[in-house]
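Since the structure comes first, as structure tokens, the remarks are kept for the end.
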Amino acid sequence: MKTFLTQFFTWWNSQTLGTRLHTWRHGKKVGQDETGNVYYEGGIDSEGRTRRWVIYRNYSEASAIPPGWHGWMHHRVDVAPPSEDYKPRDWQKPHQPNLTGSPAAYRPKGSVLTNQHRPQVTGDYDAWTPGS
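Residue numbering for the sequence shown follows my numbering, beginning at -16 and increasing consecutively.
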């Protein structure tokens, strides 16, 4: 019952009731990534391409899509990662969640949200003043 109410009243928890019905009627499961997100395709979008969407395992967070699936979702590649021997390139980093707004977010020296102090100005920069 809790899952039903969560899906009925929130859009950020996995899927809404409307998305569940659309997926049931039009969706064909393409695959699942290592975090549990499930990818579907079906129907035609306004540009004549096959519509693709993801049902997130937990909270809806667009940055939670791995690089291989990102290319498929945005029609950069036609073949989904489970359909081929997808191996990430050497330069691709493993997925990291978006930490903005959390205690683990990046805060540079001098930020008001950290106790570190900004380094002193060295004097190699002169501020612009009008008329100079």
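Glycine included, every Cβ here is placed at the ideal spot set by N, Cα and C.
Who pairs with residue i in a beta bridge, going by DSSP?
i   : result
T33 : I27
Q15 : V21
Mind checking which residues open and close the alpha helix (DSSP H) that includes residue i?
i    : result
G114 : Per DSSP, G114 belongs to no alpha helix (DSSP H) and is neither H nor E.
T105 : Where T105 is concerned, there is no enclosing alpha helix (DSSP H), given that its DSSP letter is neither H nor E.
P50  : P50 to M56
Whole angstroms are fine: how far does the CA of residue j sit from the CA of residue i?
i   : j    : result
A63 : P91  : 38 Å
W7  : G25  : 10 Å
P86 : G114 : 45 Å
P65 : W52  : 9 Å
E30 : H58  : 12 Å
With H, G and I counted as helix, E and B as strand and the rest as coil, what does DSSP make of residue i?
i      : result
W74    : coil
K(-15) : helix
R90    : coil
L82    : coil
L96    : coil
A47    : helix
List the whole-angstrom C-beta distance separating residue i from residue j, where the pair is believed to meet the contact cut-off of C-beta under 8 Å.
i   : j   : result
P50 : Q75 : 5 Å
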